[in-house]
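Q:
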Amino acid sequence: MKILHIATDDKFIEQAIPVFESVFPGKNDVIIFTKTTPLQYVKLQTAKVVLKNKLFFTRAAVDREIYNRYEIIVFHSFSHLTYPEIFNIPINKATIWLGWGYDYYEDTLGKDTLLLEKTLNLSKRLEPTTPIYVIKKIIKKSAVFLGVIASKKKAIERLTIFAPVLPSEFDMVKNSKNWKRFPDHAIWNYGTIEDNLIKGFETESVSGNSILVGNSASLECNHAEAFDILKSIGISDRKVVVPLSYGQLEYSKLISTLGKDYFGENCESLNTFMPIEDYVKTIRKCGYVIMNHKRQQAVGNIVIMLYLGARVFVRTENPVFRFFNSLGIQLSTMEELENNHDLINTPLSRAERAWNRKTVSNYWSREKAFRRTEQLINNAFSLSQQYNTDSKKH
Numbered sequence: 020m021k022i023l024h025i026a027t028d029d030k031f032i033e034q035a036i037p038v039f040e041s042v043f044p045g046k047n048d049v050i051i052f053t054k055t056t057p058l059q060y061v062k063l064q065t066a067k068v069v070l071k072n073k074l075f076f077t078r079a080a081v082d083r084e085i086y087n088r089y090e091i092i093v094f095h096s097f098s099h100l101t102y103p104e105i106f107n108i109p110i111n112k113a114t115i116w117l118g119w120g121y122d123y124y125e126d127t128l129g130k131d132t133l134l135l136e137k138t139l140n141l142s143k144r145l146e147p148t149t150p151i152y153v154i155k156k157i158i159k160k161s162a163v164f165l166g167v168i169a170s171k172k173k174a175i176e177r178l179t180i181f182a183p184v185l186p187s188e189f190d191m192v193k194n195s196k197n198w199k200r201f202p203d204h205a206i207w208n209y210g211t212i213e214d215n216l217i218k219g220f221e222t223e224s225v226s227g228n229s230i231l232v233g234n235s236a237s238l239e240c241n242h243a244e245a246f247d248i249l250k251s252i253g254i255s256d257r258k259v260v261v262p263l264s265y266g267q268l269e270y271s272k273l274i275s276t277l278g279k280d281y282f283g284e285n286c287e288s289l290n291t292f293m294p295i296e297d298y299v300k301t302i303r304k305c306g307y308v309i310m311n312h313k314r315q316q317a318v319g320n321i322v323i324m325l326y327l328g329a330r331v332f333v334r335t336e337n338p339v340f341r342f343f344n345s346l347g348i349q350l351s352t353m354e355e356l357e358n359n360h361d362l363i364n365t366p367l368s369r370a371e372r373a374w375n376r377k378t379v380s381n382y383w384s385r386e387k388a389f390r391r392t393e394q395l396i397n398n399a400f401s402l403s404q405q406y407n408t409d410s411k412k413h
């Protein structure tokens, strides 16, 4: 059984392929779709790179004959660069969408609903207003409406399996539209405790009282509102660490400036991408974490910081809060912080830290990752065989 992985130039694919190779050795090929070369994040030597042009009328870039060589095609996110490929994949092939969040939240909830008021105003300042940009936007929307660009909805309806980041997000996406058909559900996650998330830091704990804010240069982090809360609390001379190396460059610059305005030299913007071991070493000084997202995001960062014993604050409307709560993990909320400023000075108890570490170590273990990967591929293959049998009957 041959498996083809379709991905973009992103750090997560480097965590995924070793897991698939461990469970299905020698069966995995990778195609990276990108608008520009050289690749920034993907270092896989065996990956084939497909450079997609920037025309609006997006079409599949890989021949149907190539897809025919594989039994299973795995989409690592379902972005505008990759989802048109589904229309060149024979219908009898098993197709899997490993969702990342950005690739389904905007389609189901709309981007603006994920931003708090101040951040929403910042987003409007970032949007280009040149005549050519406006014209391109109109052309693109018209192309989708007229069917020139195959719709993402139709692409999703052709998938065999969908594995979102959190189990609860499956129904959220499924219930967001009237689908002709919807893929089956699976549970799968990127990264393992042993090999990726805290490798080299197994016996370590947080070592300071600095505050980590957000996980990337993403508007959904709602940095501005998080900064407002910290400023109103008065955090004196504590460091505020803000990861901004990943995401939107203009927003990164804006938040770096805003952070300096609020906290002066105590704002430490992480503007350069670094290997995960260097990243963990840097953020380990943060005993407190603020993730002000309304949607699921930064799960990897949250897992790392929970393992290390930090107190993590998230918004109650974020599905992440309900998910970690269901595992019995000790999380704090942004609402609690606004009502009780002392929480930013109150570390978790030894028992809470130990329980959080044990729980995330179990859920994100290598063993669980291997088991989920085997189930994912076997279920997808079984469903495609069942579909092929049913098609022949008709």
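Start counting the sequence shown at 20; every next residue gets the next number (our numbering).
Glycine residues also receive a C-beta, built at the ideal position from the N, C-alpha and C atoms.
Treat the numbers as computed from the prediction; the structure is a model and nothing was measured.
What's the gap between the Cα of N140 and the Cα of E269?
A: Looking at the two C-alpha atoms, the distance is approximately 14 Å.
Q: Just to confirm before moving on: does the CB-CB distance between V15 and L346 stay below 7 Å?
A: This structure cannot speak to residue 15, because the chain is shown only from 20 to 413.
Q: Residue range of the alpha helix (DSSP H) that V192 falls in?
A: Its alpha helix (DSSP H) spans residues 187-193.
Q: What does the Cβ neighbour count give for D122, buried or exposed, with the cut at 16 atoms within 10 Å?
A: It counts as buried.
Q: Mind checking which residues open and close the beta strand (DSSP E) that includes D297?
A: Taken as a continuous stretch (DSSP letters only), D297 belongs to no beta strand (DSSP E), being part of the alpha helix (DSSP H) at 295-302.
Q: Residues in its own chain within less than 7 Å of P109 by CB, not counting five upstream and five downstream?
A: Closer than 7 Å at the Cβ level, and outside the excluded window around P109, lie R83, Y86, N87.
Q: Roughly how many whole angstroms lie between the Cα atoms of T101 and I321?
A: Whole-angstrom Cα-Cα distance: 28 Å.
Q: How far does the beta strand (DSSP E) with I309 in it extend, from its first residue to its last?
A: Counting along the chain, the beta strand (DSSP E) containing I309 begins and ends at 305-310.
Q: Would you tell me roughly how many angstroms separate the C-alpha atoms of L134 and K313, rounded to the nearest one?
A: Cα-Cα distance, rounded: 7 Å.
Q: Contact check, V49 vs L70 under 8 Å by CB: the rounded distance?
A: Contact doesn't hold; Cβ gap of about 15 Å is too wide.
Q: Considering only C-alpha positions, which residue in the set E33, Y265, G219 is nearest to L238?
A: Cα-wise, what sits closest to L238 is Y265.
Q: Count the other C-beta atoms from every protein chain shown that fall within 10 angstroms of the C-beta of E136, then say buried if there are 16 or more, exposed otherwise.
A: Flag for E136 reads exposed.
Q: Going along the chain, which residues of its own chain have a beta-carbon closer than 8 Å to the beta-carbon of L402, five neighbours each way excluded?
A: Closer than 8 Å at Cβ, skipping near neighbours: A113, T179, I180, D203.
Q: State the Cα-Cα distance for the pair N358 and R341, rounded to the nearest angstrom.
A: So the two alpha carbons sit approximately 20 Å from each other.
Q: Given 6 Å as the limit, tell me if K62 has its C-beta closer than that to any heavy atom belonging to the ligand MN.
A: The ligand MN is absent from the structure shown, which contains no ligands of any kind.
Q: What separation, rounded to the nearest whole angstrom, lies between the Cα atoms of V167 and R78?
A: Here the model assigns V167 a pLDDT of 45, short of 50, so the residue's position is not dependable and the matter cannot be decided.
Q: From F189 to W207, what does the alpha carbon distance come to, in whole angstroms?
A: Roughly 12 Å separates the two Cα atoms.
Q: Taking the straight line between their C-alpha atoms, what separation do you get for D280 and L263?
A: One C-alpha to the other measures close to 16 Å.
Q: Applying the criterion that 16 or more other CB atoms from any shown protein chain within 10 Å of the CB defines a buried residue, is Y124 buried or exposed?
A: Flag for Y124 reads buried.
Q: Could you please give the first and the last residue of the uninterrupted alpha helix (DSSP H) stretch that includes F332?
A: No alpha helix (DSSP H) contains F332, which is instead part of the beta strand (DSSP E) from 330-333.
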